[in-house]
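Working notes, beginning with the structure itself.
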Amino acid sequence: AQKVTQAQTEISVVEKEDVTLDCVYETRDTTYYLFWYKQPPSGELVFLIRRNSFDEQNEISGRYSWNFQKSTSSFNFTITASQVVDSAVYFCALSEVNSGGSNYKLTFGKGTLLTVNP
Amino acid sequence: KAGVTQTPRYLIKTRGQQVTLSCSPISGHRSVSWYQQTPGQGLQFLFEYFSETQRNKGNFPGRFSGRQFSNSRSEMNVSTLELGDSALYLCASSPSGESDTQYFGPGTRLTVL
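Those protein sequence lines, which keep their order, are chains V and P.
The first sequence begins at 33 in the working numbering and counts up one residue at a time.
The second sequence begins at 13 in the working numbering and counts up one residue at a time.
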């Protein structure tokens with residue numbers, strides 16, 4: 033069975049600090065996708081980034097960057113120069129491939145509550 | 013494009029009643045998935061519909077059911093409500109479900125008294 037672990041329950045930083053959210057996953061699939069979603073107090077899950085299992089190239093998108101390492105089954109997410117509006121719960125998720133070969137189900141971690149203080 | 017919409021946003025029911033939640037996917041998206049979010053269990057997959065057929069199902073009792081219409085809109089039904097069904101129910105859509113990113117709606121917060 034797939035599993036996603038976000039060891040950090042809560043993180044509090046001061047505005048403009050960099051913050052890294054950790055994610056460790058378990059899967060037997062050779063093809064899978066990893067995601068980060070953000071959930072502000074309004075409740076809607078907002079898609080942030082996605083990475084497939086064959087692409088370990090780490091990228092930067094604006095203030096967001098991610099570090100995907102298959103050797104350690106980790107998919108960490110970094111926010112540079114954090115802002116108050118970044119305050120939310122962040123979820124790491126892993127997609128599961130069903131018998132037909134399609135990714136249909138997301139397995140989520142428990143989430144990390146990020147509070148950015150002014 | 014408009015995002016995923018869910019109605020109603022808030023719902024209060026009593027034990028034993030049944031409830032129907034509605035989800036309209038992003039235009040052109042044919043796959044709709046439902047998730048339950050509770051403080052204790054976190055986010056859990058309920059089921060996925062594609063082309064009016066339930067294609068995948070999570071580990072929930074038969075009291076939880078759903079359907080999808082020809083316009084890809086989906087409804088979820090919970091019968092004989094229990095206190096433990098109180099949760100945020102999130103709907104997500106994607107073009108085909110295969111290797112696609114799922115985009116979520118704002119959710120329906122259900123409270124069972």
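Ideal Cβ placement from N, Cα and C applies to all residues, glycine included.
Continuous beta strand (DSSP E) stretch holding V/CYS55: start and end: Element bounds for V/CYS55: n/a, residue is neither H nor E.
Terminal residues of the beta strand (DSSP E) in which P/ILE38 lies: Premise fails: P/ILE38 is in no beta strand (DSSP E) and is neither H nor E.
Nearest-angstrom Cα separation, counted from V/GLN38 out to V/VAL121: CA-CA distance, V/VAL121 to V/GLN38, rounds to 11 Å.
Pairwise C-alpha distance: V/GLU49 and V/ASN149: Near 10 Å, if we compare the C-alpha coordinates of V/GLU49 and V/ASN149.
Neighbour list for V/TYR122 in chain P, Cβ cutoff strictly below 8 Å: Ordered by position in chain P, no residue passes the 8 Å Cβ test against V/TYR122, which lies about 12 Å from the chain.
Alpha-carbon to alpha-carbon, V/GLN40 and V/ASP54: Across the structure, V/ASP54 and V/GLN40 are spaced so that their CA atoms are roughly 7 Å apart.
Neighbouring residues, chain P, relative to V/ARG83 (Cβ below 8 Å): In chain order: nothing, as chain P lies at least about 11 Å away.
Under the three-state DSSP convention, the category P/LEU95 falls into: Look at P/LEU95 here: in three-state DSSP terms it is helix.
Proximal residues of chain P, C-beta to C-beta of V/LEU77 below 7 Å: Within chain P, the residues near V/LEU77 are LEU102 and PHE116.
Partners in chain P for V/PHE109, counting only beta-carbon separations shorter than 9 Å: Per Cβ cutoff of 9 Å: no residues; V/PHE109 is ~16 Å from chain P at best.
Residues that V/LEU138 contacts on chain P, provided the C-beta gap is smaller than 9 Å: Here the neighbours are SER45, TYR47, LEU55, PHE57, ALA104 and GLN114.
Cβ pair P/GLN66, P/GLY74 closer than 9 Å: No, the pair does not count as a contact, with Cβ atoms beyond the cut-off.
Pairwise C-alpha distance: P/ARG121 and P/ILE38: Across the structure, P/ILE38 and P/ARG121 are spaced so that their CA atoms are roughly 20 Å apart.
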